[in-house]
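Colleague: Listed in order, the protein sequences are those of chains A and B. First residue of the first sequence: 6, per this note's numbering; consecutive thereafter. First residue of the second sequence: 117, per this note's numbering; consecutive thereafter.
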Amino acid sequence: GENVEQHPSTLSVQEGDSAVIKCTYSDSASNYFPWYKQELGKGPQLIIDIRSNVGEKKDQRIAVTLNKTAKHFSLHITETQPEDSAVYFCAASPTSNTGKLIFGQGTTLQVKP
Amino acid sequence: GAGVSQSPSNKVTEKGKDVELRCDPISGHTALYWYRQSLGQGLEFLIYFQGNSAPDKSGLPSDRFSAERTGGSVSTLTIQRTQQEDSAVYLCASSLGTANTEAFFGQGTRLTVV
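#1: On the CB-based measure, 16 or more other CB atoms within 10 Å of its CB, does A:Q11 come out buried or exposed?
#2: Compute the distance between the beta-carbons of A:F78 and B:E160, then report whether it is under 9 Å.
#3: Let me know if A:P39 comes out buried or exposed under the rule of 16 or more other beta-carbons within 10 Å of its beta-carbon.
#4: Shorter than 9 Å from the beta carbon of A:K76 to some beta carbon of chain B?
#5: Which stretch, first to last residue, makes up the beta strand (DSSP E) that contains A:P39?
#6: With a threshold of 8 Å, are at least 3 pairs of Cβ atoms found where one atom belongs to the stretch 22 to 35 of chain A and the other to the stretch 197 to 216 of chain B?
#7: In chain A, what lies closer than 8 Å to B:L207 by C-beta?
#8: Return helix, strand or coil for A:D32, following the three-state DSSP convention.
#9: Starting from A:Q65, find everything on chain B with Cβ-Cβ shorter than 9 Å and list it in chain order.
#10: Determine the extent of the beta strand (DSSP E) in which B:S121 is found, giving its start and end residues.
#11: Can you round the beta-carbon distance between A:G48 and B:Q223 to whole angstroms, since I take them to be within the 8 Å contact cut?
#12: At a CB-CB cut-off below 9 Å, which residues of chain A make contact with B:G132?
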């Protein structure tokens with residue numbers, strides 16, 4: 006079955022710097038890749054997603070890139086702010102007929118003021 | 117509008133007891149999912165309901181775990197004869213049910229087995 010690996014497990018940056026989180030997946034049939042942000046005591050919230058027919062997607066300070074050949078995708082956050090501090094999860098949907106998601110292990114991002 | 121609602125928010129139970137966790141999905145969402153999040157870990161898929169189709173139970177870790185979804189809305193996750201390793205946050209999510217649409221998560225139920 007699908008397996009998603011996420012790196013790094015923790016990331017600390019200065020406010021204003023960029024942050025990059027990387028994920029790899031194993032199932033070439035996966036075609037949907039969302040990123041979730043989880044703040045302490047809350048459920049995960051979708052921040053951006055990308056589908057396998059798109060190489061890059063951007064939403065303000067957040068961007069996601071997808072390389073289907075290499076089976077990896079990345080989250081880029083520019084001009085980081087303290088409120089970006091949270092745990093970020095990548096995920097992959099193994100088939101197009103189910104919303105079942107396989108999640109990475111998570112990255113704890115700390116943005117220092 | 118209301119989001120995904122889970123109850124209770126916290127549950128402490130003794131080893132060997134049964135527990136029921138409840139999920140109220142967003143109105144109109146036909147797909148419902150349960151995930152488990154152990155301390156410092158990612159989300160582990162448990163079970164997926166889509167409309168009237170048979171649920172995908174492939175993630176349930178043992179036969180002590182079961183889930184129902186009544187009337188295509190509210191879902192209950194039941195853990196029988198709880199063990200300490202069942203301690204985790206149990207998250208429910210719902211979506212519109214079409215392929216690859218956003219899943220909205222509840223805040224979870226933190227289960228502690230003592």
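Don't be surprised by glycine CBs; every beta carbon is placed ideally from N, CA and C.
Modeller: Let me spell this out:
#1: On the first sequence, residue 11 of chain A is found 6 positions in, with the first residue counted as 1. Under this definition A:Q11 is a buried residue.
#2: Position 73 of the first sequence holds residue 78 of chain A. Position 44 of the second sequence holds residue 160 of chain B. Cβ atoms of A:F78 and B:E160: not closer than 9 Å.
#3: Residue numbering aside, residue 39 of chain A sits at position 34 when the first sequence is read from its first letter. Under this definition A:P39 is a buried residue.
#4: Locating residue 76 of chain A in the first sequence gives position 71, counting from the first residue. Not an interface residue.
#5: Indexing the first sequence from 1 puts residue 39 of chain A at position 34. Segment 37 to 43, the beta strand (DSSP E) holding A:P39.
#6: no
#7: Taking the first residue of the second sequence as position 1, residue 207 of chain B is located at position 91. In chain order: G48, P49.
#8: Counting from 1 along the first sequence, the entry for residue 32 of chain A is found at position 27. Three-state DSSP puts A:D32 in coil, outside helix and strand.
#9: Counting from one through the first sequence, the residue named residue 65 of chain A turns up at place 60. Residues of chain B passing the Cβ test: none, with the nearest at roughly 18 Å.
#10: As a first step, residue 121 of chain B must be located in the second sequence, where it is residue number 5. Run containing B:S121: 121 to 123, per the beta strand (DSSP E) assignment.
#11: What you label residue 48 of chain A is simply residue 43 of the first sequence in a count that begins at 1. What you label residue 223 of chain B is simply residue 107 of the second sequence in a count that begins at 1. Contact flag correct, Cβ pair sits at about 5 Å.
#12: As a working note, residue 132 of chain B is residue 16 in the second sequence. Going along chain A, no residue has its Cβ under 9 Å from B:G132, so there is no contact; the nearest lies around 28 Å.
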